[in-house]
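Student: Below: one structure in structure tokens.
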Ligand SMILES: [Zn+2]
């Protein structure tokens, strides 16, 4: 894609958001996590989009939308297929005889909240067996060799709403049990490992469970685990917790968004603590017309904290020490995309060494 024909992105800047780079610079920017299919997408919006986006799927209804978007715009869209923890109650771990049985078993407090349960039940879909979900995911991932698994994850905060699509969203007293979320997540990650696909992970108030899961995956899969890259999206880990992940998992990256991370000051400390080679940027936004501005805003924050200059023009012939923020973040993305984070000399003993590392960190791991 050349700069010609792309409208000057600077003139599209939304008020309050920083001025954008030139199209020649923006074409090297990757928004590693967004939800464009949650809004209407016009052809004009896609024609104008000056960056690459990783479009996440979250539930059954949007897997096909992401597929169609990526098929129509293969040069700008990296499709990501997966089931978000907010929608995992729509999935049954086994085949169930009735919808009612599934939701009664899933929400153990339904008896104390019969009125809310009876109001919710007709609004819920019949559950889809996990086996079918995995089959569908496999087909989508195999159809797009560059596709990632996402958005998947763990969330200890979110409550099930009566109607996800109503605004404002009215919440029920029900949560998706953590063990259920974990089972759905692990099944999806097993598939990603089998296919060698990168993963975009949501982790909210589940730091320890996420860290434990990464440790288990490394133990179980050794180098096969390190063959893929994992992005902790809108990462809200404490700097200390992140540095521990970074040290133990060479395949782990973090990405930050203004939508989520700017709500807390923690993100600045996190950027400061994170290796310059493991940071990515994202919008986590639902409207493709704003993905560029929002990703760019996070790029400027990262650049400021890391002391990186921001490119105003593009040059391919620079030495690494001369790189600006866009070039550095683009390079991080390429390393993420490529995967294969196997430490030289450990290939054969990967699993054994992994076990030893885990043992020393956590003596309870068997
Ligand atoms: Zn997201």
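Numbering (UniProt numbering), first residue to last: 1 to 366.
Using N, Cα and C, we set each Cβ at its ideal position, and we do this for glycine too.
For clarity, every value in this text was computed on a predicted model and none was experimentally measured.
1. Nearest-angstrom Cα distance between residue 280 and residue 229?
2. So for residue 83, helix, strand or coil by DSSP?
3. How close, in whole Å, do the beta carbons of residue 257 and residue 234 come, if the pair is a contact with beta carbons under 8 Å?
4. Quick one: is residue 88 buried, meaning 16 or more other Cβ sit within 10 Å of its Cβ, or exposed?
5. CA-CA distance, residue 109 and residue 101?
6. Between 275, 306, 210 and 221, which has its C-alpha nearest residue 190's C-alpha?
7. Does residue 76 pass the burial test, meaning 16 or more other C-beta atoms within 10 Å, or should it be called exposed?
8. Quick one: grab the DSSP three-state call for residue 151.
9. Are residue 95 and residue 59 closer than 9 Å when you measure CB to CB?
10. Could you have a look at residue 239 and say whether DSSP puts it in helix, strand or coil?
11. What is the DSSP secondary structure of residue 252, reduced to helix, strand or coil?
12. What residues does ligand 1 have around it, judged by CB closer than 7 Å to any heavy atom, in chain order?
13. Can you look up residue 175 in the DSSP assignment and give me helix, strand or coil?
14. Per DSSP, what kind of secondary structure is residue 206 in: helix, strand or coil?
15. Since residue 367 and residue 286 should fall inside the 8 Å C-beta cutoff, what is the C-beta to C-beta distance between them, to a whole number of angstroms?
16. Let's test the definition: count the other Cβ atoms within 10 Å of the Cβ of residue 236 and tell me whether it reaches 16, buried, or not, exposed.
17. Which partner residues does residue 200 have in the DSSP bridge list?
18. Counting only the same chain and skipping the five closest in sequence on each side, list residues whose C-beta sits under 8 Å from that of residue 70.
19. Check each candidate in 265, 61 and 253 and name the one with the smallest Cα separation from residue 336.
20. Could you tell me if residue 203 is buried or exposed, where buried requires 16 or more neighbouring beta carbons within 10 angstroms of its beta carbon?
21. For residue 51, which of helix, strand or coil comes out of DSSP?
22. If we require 4 or more residues per run, which alpha helix (DSSP H) segments fall completely within the stretch 255-340?
23. Within the chosen definition, does the stretch 286-296 reach the stretch 16-31 through at least 3 CB pairs nearer than 8 Å?
24. Taking the straight line between their C-alpha atoms, what separation do you get for residue 194 and residue 156?
25. So if DSSP puts residue 31 in a beta bridge, which residue, or which two residues, is it bridged to?
26. For residue 318 and residue 312, I'd like the C-alpha separation in whole angstroms.
27. Hey, would you say residue 242 sits closer than 9 Å to residue 274, going by beta carbons?
28. Where does residue 151 land, buried or exposed, given buried means 16+ other C-beta within 10 angstroms?
29. Can you say whether residue 118 is buried or exposed, counting buried as having 16 or more other CB atoms within 10 angstroms of its CB?
30. Are there any heavy atoms of ligand 3 lying less than 8 Å away from the beta-carbon of residue 272, as far as the coordinates show?
31. So, helix, strand or coil for residue 159, using DSSP?
32. Between the C-alpha atoms of residue 215 and residue 320, what's the straight-line distance to the nearest angstrom?
33. Taking C-alpha atoms, which residue in 35, 22, 41 and 52 lies nearest to residue 333?
34. Quick one: what's residue 134 bridged to in DSSP?
35. Among residues of its own chain, excluding the 5 on either side of residue 63, which ones have a beta-carbon nearer than 7 Å to its beta-carbon?
36. For residue 41, which residues from the same chain have a beta carbon less than 8 Å from its beta carbon, with the 5 sequence-adjacent residues on both sides left out?
Tutor: Judging by the given coordinates:
1. 12 Å
2. Coil.
3. 5 Å
4. Buried, since its Cβ has 16 or more Cβ neighbours within 10 Å.
5. 14 Å
6. 221
7. Counting the other CB atoms within 10 Å of its CB gives residue 76 a total of 16 or more, which places it among the buried residues.
8. strand
9. no
10. It is helical.
11. In the structure shown, the three-state DSSP call for residue 252 is strand.
12. 33, 35, 56, 151, 202, 233, 234 and 284
13. Strand.
14. coil
15. What the structure shows of the chain is the stretch from 1 to 366, and residue 367 is not part of that stretch, so it cannot be assessed.
16. buried
17. 231
18. 55, 77, 78, 79, 144 and 147
19. 253
20. buried
21. coil
22. Runs of the alpha helix (DSSP H) lying entirely within the stretch 255-340 and spanning at least 4 residues, in chain order: 266-273, 288-306 and 325-338.
23. Short answer: they touch.
24. 27 Å
25. Residue pairing by DSSP puts residue 31 in a beta bridge opposite 53.
26. 14 Å
27. yes
28. buried
29. exposed
30. Because ligand 3 does not appear in the structure shown, any question about it cannot be addressed here, the ligands present being ligand 1.
31. strand
32. 33 Å
33. 52
34. The partner list for residue 134 (beta bridge, DSSP) is empty, contrary to what the question assumes.
35. 57, 81, 136 and 140
36. 69 and 288
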